Structure formats: structure tokens, C-alpha cells
Amino acid sequence: MKTYRPAPAVIAEIERLLAANQAAFHQSPLDEVIDVVSRTRHYAWIGIYLAAGESPQLLGSGGESGPTAMALPESRTRILVSMKIAGRELGMIAAESEEENVFGREDRVLLESVANLLARFLTGRGKYLVRRAREDARRRKSKLPEPASRRENKLAAAS
2 MKTYRPAPAV
12 IAEIERLLAA
22 NQAAFHQSPL
32 DEVIDVVSRT
42 RHYAWIGIYL
52 AAGESPQLLG
62 SGGESGPTAM
72 ALPESRTRIL
82 VSMKIAGREL
92 GMIAAESEEE
102 NVFGREDRVL
112 LESVANLLAR
122 FLTGRGKYLV
132 RRAREDARRR
142 KSKLPEPASR
152 RENKLAAAS
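According to this note's numbering, the sequence shown holds residues 2 to 160 in order.
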């Protein structure tokens, strides 16, 4: 059930979660952050992406649609907020709502504050999550077949 809470209360709870960093076997601290934000706002879906290689890697998501959906077909409004530290882009937070024009200034301020907390966490105590996500991305990439154009170029070079 969603219970609206003021942004400072949400931020304080997220700070406590990230400071404790008590990752359970089945849930990462990022899942807990997503849970806190989605319980206290009108967002239908929230995702945390890592800038890993060619395409962003989904680190965690959740909301009314569940954790596996990446973009809701019934979404009417979306907001993206960058996670940066020292000018370096780490990723982004995405939030979606089924209501039109629902994101206001308070939503942007809240999500920017969450993004700043996550950026500090992911470059500090949460580095293991970034490392794991990048390894997963590399593994997936190495399992993909080589594009036909590269195979053709190699064959032509070998001739």
C-alpha cells in the first residue's frame, strides 16, 4: 500500500538503508531503496540503471508492475535523473507513472537526492554491485554470437 511521505523522511530512510548495507541473500540494498521510494510515491515503476558499456544495465527495478518489467506499456509519464559523481555519469534512475503530467518539482528533487545518495554508495560501499553488474554485462556480451559483418571482415582478411 502506498503511503505518501515527505521527501526528507524518504531520504532519511534511504540514508539509513545504504549506511547499514545489510544485503540479504535475495535482496540488494538497491531493491530496498526502490521499495522505499515506490511505497511512498505514486510511481508505477522505478528502475536503477548503471552506465556499463554500450547500453545501460538495469541494476534493480520495482513498483506496482513488479521487478521484471522494464517499461510499462500503460505509462503516461516518465522521468529520468542522472546519477553522477565528480562529473562522471554512473547511471540513472527512471520512474514511470500511469497518470499524465504527474511528476513535479518535489519528485525531481527527491529523485535527484536519491541519485546523489546512490552515486556515493555505488562508488564506495556498494562497489561490489557495480562490479557484479559489469561482469554480468561482459558475460552476456561474450555469449552473444559475433555480428555477421565482423565474421565477413575476418574471412576477407584471412583470404
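C-beta: ideal position from N, C-alpha, C; glycine also. The structure displayed is predicted, hence computed values, not measured ones.
- Between the segment 46-54 and the segment 85-95 there are three or more C-beta pairs closer than 8 Å, enough to call the two in contact.
- By the CB criterion at 7 Å, Ala138 and Ala53 fall inside the cutoff.
- A Cβ-Cβ distance of about 29 Å is found for the pair Glu55 and Arg77, leaving them out of contact under the 8 Å criterion.
- In this structure, the CA atom of Thr4 is about 28 Å from the CA atom of Leu51.
- Shown here, Ser29 sits in coil according to DSSP, grouped into three states, outside any helix or strand.
- Checking the DSSP bridge columns, you'll see Lys85 partnered with Glu90.
- Under DSSP, Leu59 shares a beta bridge with Tyr50.
- Under DSSP, Ser98 forms a beta bridge with Thr78.
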